[in-house]
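Okay, so here's the structure we're looking at.
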Amino acid sequence: MENDRPLERLATLLAASGAQPDLNPGRLAPSTIYDLEYRVVVVAMVFQLHAATDRFSSRPRIQGRRLKLLQFIAMRPWLVDVIRGWSASRRDAQRSLDYEQGLRRGFISDTMHESVMDFLVAAGALRREELFVIPGAKSSIIFDLHSEAEKRTLFRSEVAALHELKDIVITNEMLEGW
Amino acid sequence: MTGSLLDAYIKALSQLEEMAFQRAIVQRLLVALNNFQTVPAAPQGDGALDGHSHQGTHGYCCYGLKFDAARTPKQRSKQLVVKFSSDLQRLFELVPRGRNNFDHRDNEALMRIFGALPADTDRIRHVTLIANWFDSHEPLGTIRQNAARYAGASQCRWIAPDADIVLKGPKEFADQYGADESTMLWLRHGDMWDQIEAEAVTTDLPDGPTFDSKMSSAEDLLPESRAEVRSIADLLRTDWQRAIAFERHLSDRLPQLHAALEGGRRRLLLRVLTQDSTDPWSAIRRSQELAESVFSDDFLQIYGNARVRDLASGETARLVGACPVNWKARKPANGE
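What follows is the structure, encoded as structure tokens:
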């Protein structure tokens, strides 16, 4: 048997047996990380759970980069341990490199997030203000999405990851690009 | 350069063995020295040089010891002495005769590498011996003494009799040639596939009976080939696990390549579905070939042929596991 082409071998055997192939065009589910609606909900959850109140304006706000990192991890809950290790080792230069490189490269090159943010800003749900992201004129979109997800206990693994991330120190230095 | 980067580079270098270590050293020298020339060992040997620079007056030999925790520093020192002394003998064009004598033997590889015998002033004057372990000064004296003995016995056609012979470990090498992020990435790239293979073994396949039921159905359709179908199922399952581990790796670290993978997957499905309809099995038979062609666009230059084949196998297996490809018994002619 050709070990490097098992499906080819199976198809040959099945064809010889008189079986019929059955191809389903609609059955290849795309990855959720390219689903705009999913990404919008994740951003909404990050904003609601991690935005801090600005002491001058009393508005909630979050650094754009922090939002980007948190949504990246929320969609990949298994990375919570990686950022926990990175955070714990941030004063140990050698150890921290073991953690930070892949994760930092990953979230920095998550270009789809920028597109999602552009969409939310254009829709008026959020606004960019210098380094921060603040609620836009139609911020109810964000709040409603979050409360709906919460009411229906949707996206449990993402929410759990975001709660865990609250206890992890993420410094500005960790958010800087190279 | 940050201390952390250099430290991490030294650590990574000291963990590489054999050819992996040599490749890492050569890669760094290529970046650090604009006159560095690599010397491939294929097809007829490297003549004991892994590279040279400064118009052939500097030579470099690497040795990535294979680590064996049971070996003592003394034993490792001896390994270094044996390997590097052997390299020096070849540069001095000597073969041992008895315990203390040597005979001349042309190093033909050096003639191919340099093209002609150098003038006395153009011979190799500096030899850097680079090892992945250098925690003992024991090899220094022996290698130095051996070099002096070889110089005395040699015609010194390629190497000057008073050439400097310097032994460097990962730290000394990094102190001189530095490190950079691209080098670190390059070093870690090799580890990536080992990690993916390790992760693949424990990767859970998506829930649901689909894959298993398809294989059971294939066994029912092919009662004479049950063992072979089971073996095929195992291969497909392993390939699929690897594909999932690879996808996760891309998603975590290289989102843009993940997007390319997603796009490739869509193109693969489209190609499989739009193959010649007169022989519906041909699309499935050719799916691996189609996958290799599709994924070559984005992955060949980065990961090479072998990895594109692995990726194509995994994505082909996913076609079965994730539903698009199925099979069923042909209906009887009377439709019953």
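Line by line, the protein sequences give chains F and B. Counting from 1, one number per residue, gives the positions in the first sequence under this note's numbering. Counting from 179, one number per residue, gives the positions in the second sequence under this note's numbering. We put the CB at the ideal spot given by N, CA and C, even for glycine. All values reported here derive from a predicted model rather than from experimental measurement.
With respect to chain B, the C-beta atom of F/MET174 has no partner C-beta closer than 8 Å.
For B/SER395, the closest of B/ARG408, B/LEU451 and B/PRO384 by C-alpha to C-alpha distance is B/ARG408. Contact between B/LEU269 and B/TRP336 holds: CB atoms are separated by about 6 Å, below the 8 Å threshold.
Its chain contains CYS239, PHE262 and LEU345 as the residues whose beta carbon lies nearer than 6 Å to that of B/LEU307, once the 5 sequence neighbours on both sides are disregarded; these appear in chain order. For B/GLU286, the nearest beta carbon of chain F is not closer than 8 Å to its own beta carbon. From the beta-carbon of B/ARG508, the residues of chain F found nearer than 8 Å are GLY18, ALA19 and GLN20.
By the neighbour-count criterion, in which a residue is buried when 16 or more other Cβ atoms sit within 10 angstroms of its Cβ, B/GLN354 is exposed.
Per the DSSP secondary-structure output, B/LEU272 pairs in a beta bridge with B/HIS282. Between B/VAL503 and F/LEU14, the C-beta gap is not smaller than 8 Å, which leaves the two residues out of contact. Pairwise C-beta distances place the segment 112-126 of chain F out of contact with the segment 54-62 of chain F, as fewer than three of them are shorter than 8 Å.
Neighbourhood of F/THR12 in chain B, by CB distance below 7 Å: ARG463, in chain order. Here B/SER231 carries a strand assignment [DSSP, helix/strand/coil]. Taking 8 Å as the cut-off between beta carbons, the residues of the segment 429-444 of chain B near chain F are SER429, ASP430, ARG431, LEU432, PRO433, GLN434, HIS436, ALA437, GLU440, ARG443 and ARG444, in sequence order. In this structure B/VAL217 is in contact with B/ILE291, their Cβ atoms being roughly 6 Å apart against a cut-off of 8 Å. DSSP places F/LYS166 in the helix class (H, G or I) of the three-state scheme. The C-beta of B/MET197 has fewer than 16 other C-beta atoms within 10 Å across all chains shown, which makes the residue exposed. Within the segment 463-484 of chain B, the residues whose Cβ lies closer than 7 Å to any Cβ of chain F are, in chain order, ARG463, SER465 and GLN466. Between B/ASP265 and B/LEU272, the gap from beta carbon to beta carbon reaches 8 Å or more. What F/GLU8 touches in chain B, judged by beta-carbon distance under 9 Å, is ILE462, ARG463, ARG464, SER465, GLN466, GLU467 and THR494, going in chain order. Only buried fits F/GLN63, as 16 or more other CB atoms lie within 10 angstroms of its CB.
Assigned with DSSP and collapsed to three states, F/ASP110 falls in coil, not helix or strand.
With respect to the 8 Å criterion, B/ARG420 and B/GLY492 are classified as neighbours on the basis of their beta carbons.
Per DSSP, reduced to three states, the secondary structure at B/HIS315 is coil, with no helix or strand assignment.
Distances from the CA of B/PHE424 to each of B/GLU440, B/ILE410 and B/ALA411 were compared; the closest alpha carbon is that of B/GLU440.
Ranked by Cα distance from B/HIS304, the options B/ARG485, B/LEU468 and B/ALA325 are led by B/ALA325.
Looking at the DSSP output, F/GLU129 sits in a beta bridge with F/PHE132. Under a criterion of Cβ atoms nearer than 8 Å, the residues of chain B adjacent to F/ALA15 are, in order, TRP459 and ARG463.
With 16 or more other Cβ atoms from the protein chains shown falling within 10 Å of its own Cβ, B/ASP417 counts as buried. Looking at the DSSP output, F/HIS50 sits in no beta bridge, so it has no partner there. The beta carbons of F/LEU70 and F/LEU7 sit about 40 Å from each other, so the pair does not count as a contact at 8 Å.
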